[in-house]
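In the numbering used here, the protein residues as written are 24 to 741.
Cβ coordinates follow ideal geometry from the N, Cα and C atoms, glycine included.
Since we're looking at a predicted model, the values are computed, not measured.
Heads up: the structure comes next, in structure tokens.
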Amino acid sequence: MKADDDIKSGPEPAKGRMFGKFEPHSYEEWVAEAKRVLKGIPLEKKLFTETVEGITLRPIYHKDDIANIPHVNAPSGFPPYIRGNNVLYRDSKAWEIAQEIKYPDITAFNSALRHDLKRGLTAITIPMDTATKLGLDLENSQNVIVGDEGLSVLSFDDFEKAFDDIDLAKSPLFIDCGISGLPLLGFYVKLAKKQNVDLSELRGSIGMDPIGLLASNGKLPIDIESLYDELADMTGWSSEHTPKLGTIQIHGETYNNGGASAVQELAYVLSTAVEYMRALDKRNIDPGKCVPHFRFSFGMGSNFFMEISKLRAARLLWNKITEKCGVPEDPRKMYIHSRTSNYTKTYYDPYVNMLRATIETFSAIAGGAESIHTATFDEQIRPSDEFARRIARNVQLILKEESHLDRIMDPAGGSWYVEHLTNDIAEAAWKEFTQIEKMGGMYKALLDGYPQAEVAKVAEERTNNYTFRKNTIVGINKYPNPDEERLNPHPFDYVEFKKTRIEDLKKIKNSISQNIREKVSKKAKETSFTEAAIDAADIGLPVPDIVGIIREDKQPSASITPIPKLRASEHYEKLRQAVEKHREERGNLKVFMATLGPARKYMPRLDFSASFFEVGGFEVIRTMGFDSPEDTANAAFEEDANIIIICGLDASYPEIAPVTASMVKKKKPDAIVIMAGLPPDEGLKKKYKAAGVDQFIHLKSNVLQTLTEIASRLGVTL
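Below you can see the structure in the form of structure tokens.
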């Protein structure tokens with residue numbers, strides 16, 4: 024790419040009291056000055072940024088760059104809805120503060136929900152555990168951890184207890200149902216009737232996403248076509264009785280948490296949506312009828328403008344797809360729920376997660392999300408307590424009440440950068456979407472392993488960027504806190520909890536006769552699955568029995584390679600945990616900084632080297648310079664260090680470094696001697712190695728690989 028050809032000159036700046044004092048400059052003049060400052064280095068090498076999305080970010084954008092983008096002047100509240108779904112600023116229609124309450128136990132969940140609804144929570148969001156999402160019989164599910172990902176619900180009684188003293192009419196309800204939408208919809212409808220709530224006013228989503236669950240789990244207990252039958256039945260019933268309630272919740276987080284790019288996440292979400300539309304259309308639920316019941320969920324990463332643009336591009340492309348399907352204007356509005364990404368969160372230095380979550384929440388708001396979950400800072404470590412929930416909730420409250428982000432529409436709109444980036448993402452995602460379509464749709468693509476392979480490529484690229492520290496994770500691959508006090512994990516006893524829930528399920532089953540089950544089965548065959556599920560809720564049938572009746576004689580789905588759940592920091596954290604375990608069992612791995620010369624000259628290199636090893640959990644012994652190589656070797660020997668870092672200036676290395684390395688090796692032959700810096704030529708490198716230097720650390724080092732190799736050499740079990 025040629026920088027000077029790629030960006031056109033912008034218009035002259037308006038003259039006024041300030042700008043009138045300055046002469047306008049063309050882009051060509053800017054390029055010439057940039058080249059002068061860069062001393063001939065090409066602009067594309069220094070100032071252009073290649074992203075994992077395959078998009079090149081430019082150093083500067085102009086009005087001319089967006090002149091041919093058709094959606095730029097579209098107002099908010101009108102197709103293609105790129106600037107948002109509402110005509111005016113949000114005001115009373117601000118996003119829903121939809122914090123997940125991730126407790127397995129019904130009583131604990133209800134207590135937290137009642138507490139949080141009085142303190143700013145505006146929507147109820149329930150993540151269900153794996154057993155509930157899959158509708159599993161706990162007695163026959165030895166490998167499943169009950170309560171692992173959220174609430175364990177067995178029957179309507181559980182559901183009712185979860186909402187004790189909660190008015191369903193006041194807050195929308197979002198449940199990640201997995202493939203257990205029918206029983207949970209039945210419970211919700213029964214409870215709404217019991218509270219005398221008008222079903223037509225129920226808001227939120229009792230949403231199923233069989234393809235998303237297949238992508239994350241690798242296999243489902245029922246075939247995909249049967250799940251489409253259930254999805255069609257739920258959606259058809261909902262369109263008549265609960266028109267404001269979503270039944271299809273498509274989860275982009277599945278791909279986001281696997282390391283996918285913004286483009287991939289968007290493309291796979293849209294491909295999944297089209298797959299569902301086709302499946303429902305075959306079952307006489309046309310797009311105009313089913314689209315109002317779609318809800319979309321995206322993971323929000325820490326690339327601020329990329330994430331804003333992703334949500335804007337999502338609305339643009341969804342409008343394009345639904346328009347082609349003949350859906351009227353208003354139902355083409357895309358309901359977006361955003362969840363701060365798990366991929367970006369860390370186990371170490373967890374308070375930095377507050378900053379990450381704030382940035383991600385801000386981008387979700389600026390991107391126009393209708394509901395948002397901000398992750399708690401300790402989400403990766405333990406069940407979050409009231410303090411952690413409050414801090415996460417307050418992020419949204421502050422952005423709303425103090426920053427007044429609820430009173431503006433599309434704050435990034437009109438930015439030449441954001442508009443261009445939105446268009447870039449939309450074009451790239453559409454290209455990936457059409458590739459999936461050529462393969463026969465998202466389900467077929469997953470069977471072939473295409474999305475898994477593509478996500479894995481990007482995840483590997485991200486990992487390489489972190490291992491070489493091209494990208495920074497504060498507290499992990501840079502700026503670690505060696506004196507960090509770990510959070511008290513206060514773990515939950517899942518083993519005992521599972522035993523209790525198995526006994527609870529046995530009691531429920533024993534209280535229901537076989538005749539009742541047969542009546543529900545008959546209704547499912549003669550009327551509809553949804554009506555049968557509502558009747559089953561009235562009777563008190565548990566979730567496994569309801570899905571078992573509806574799915575009688577059905578076969579499991581095909582198996583695929585799942586999208587793994589990853590975190591950017593996990594490789595560094597595994598190394599650090601291994602080093603910490605070694606410390607507890609066998610003592611510290613000591614790194615001695617053999618500093619040479621005046622402190623003011625070697626200090627930047629000292630900080631670099633110390634941080635390099637602190638990243639891996641090594642104990643770093645800092646020094647303030649030695650007068651001679653002999654003094655250095657003696658001090659290193661006295662500290663009984665495993666690793667000695669020769670740290671000084673490049674100019675002094677040829678004279679001092681070989682002598683220092685040789686003396687250190689003589690005093691401590693098993694020590695690992697490392698030089699801070701990369702020798703400028705092979706001759707010097709050989710000279711240093713011959714004197715005893717084992718390896719070199721520098722800005723281009725693969726930090727993770729280097730630390731892992733050294734730790735392994737010193738006996739750390741990895």
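Whether residue i touches residue j by CB criterion (8 Å)
i      : j      : result
LEU243 : VAL570 : no
ILE6   : GLY230 : Nothing about residue 6 can be reported from this structure: the residues present for the chain run from 24 to 741 only.
SER134 : ASP433 : no
GLY390 : SER320 : no
GLU661 : ILE644 : no
VAL497 : VAL297 : no
ARG524 : LEU159 : no
SER223 : PRO195 : no
ILE459 : ALA336 : no
ILE695 : ILE720 : no
GLU669 : ALA659 : First, the residue type needs correcting, since residue 669 is Ile and not Glu in the sequence shown. No, the pair does not count as a contact, with Cβ atoms beyond the cut-off.
TYR291 : TYR278 : yes
ALA392 : TRP118 : yes
SER634 : THR369 : no
LEU746 : LYS347 : Within the shown structure, residues of the chain are numbered from 24 to 741, placing residue 746 beyond reach of any answer.
ILE147 : ILE395 : no
ILE271 : PRO579 : no
TYR711 : ALA664 : no
Per-residue burial, residue i [other beta carbons within 10 Å of its own, 16 or more giving buried]
i      : result
LYS530 : exposed
VAL212 : buried
ASN307 : exposed
HIS48  : exposed
GLY282 : buried
ASP650 : exposed
LYS518 : What sits at residue 518 in the sequence shown is Val, not Lys. Burial call: exposed.
ASP401 : buried
ASN166 : exposed
GLN419 : buried
ASP29  : Legend: pLDDT at ASP29 = 44, less than 50; position of this residue unreliable, value from coordinates given subsequently. ASP29 comes out exposed.
LEU144 : buried
ASN108 : buried
HIS427 : exposed
ALA154 : buried
Cβ neighbours of residue i in the same chain (closer than 6 Å, five flanking residues each side left out)
i      : result
CYS313 : THR258, LEU303
GLU484 : VAL75
ALA656 : MET686, VAL687, LYS690
GLY801 : Any answer about residue 801 is impossible in this case: the structure gives the chain only from 24 up to 741.
PRO82  : LEU70
PHE552 : LEU205, GLU253, ASP256, ILE573
LEU191 : ALA215, GLN218, VAL220
ILE124 : PHE132, ALA135, LEU136
ILE78  : ASP447
Cβ-Cβ separation, residue j to residue i (assumed contact under 8 Å), whole Å
i      : j      : result
SER228 : ARG318 : 4 Å
ILE105 : ALA97  : 6 Å
THR384 : LEU422 : 7 Å
ALA380 : ALA415 : 7 Å
ILE667 : ALA617 : 5 Å
Same chain, Cβ closer than 7 Å to residue i, five either side skipped, listed in chain order
i      : result
ARG492 : ASN500, LYS501, VAL726
THR584 : GLY241, GLY472, GLN475
TRP453 : LEU340
PHE328 : TYR440, VAL441, LEU444
ASP152 : PRO127, VAL169, GLY170, ASP171, GLU172, GLY173, LEU174, SER175
LEU589 : ASN280, GLY281, GLY282, TYR366, ALA482
Identified DSSP bridge partners for residue i
i      : result
PRO150 : ASP199
MET698 : ILE669, PHE719
GLN403 : DSSP lists no partner for GLN403.
GLU119 : SER394
LEU80  : THR72
LYS613 : GLU642
GLN165 : In DSSP, GLN165 forms no bridge with anything.
PHE317 : ILE271
THR345 : Its beta-bridge partners do not exist; DSSP assigns none.
ILE229 : ILE198
LEU174 : MET151
Distance cut-off 7 Å: residue i Cβ against heavy atoms of the ligand FMN
i      : result
LYS467 : As far as ligands go, the structure on display features none, and thus does not contain the ligand FMN.
Chain B within 8 Å of residue i, Cβ atoms only
i      : result
ARG736 : Although the question refers to chain B, the structure presented lacks it and comprises just one protein chain.
Cβ shell of residue i (< 8 Å), same chain only, five flanking positions each side left out
i      : result
LYS31  : Model confidence at LYS31 stands at a pLDDT of 44, short of 50, so the residue's coordinates are unreliable and nothing is read from them.
ALA185 : ILE129, PHE132, ASN133, LEU136, ILE149, LEU174, VAL176
ALA559 : PRO206, GLY209, VAL543, ASP568, ILE569, ILE572
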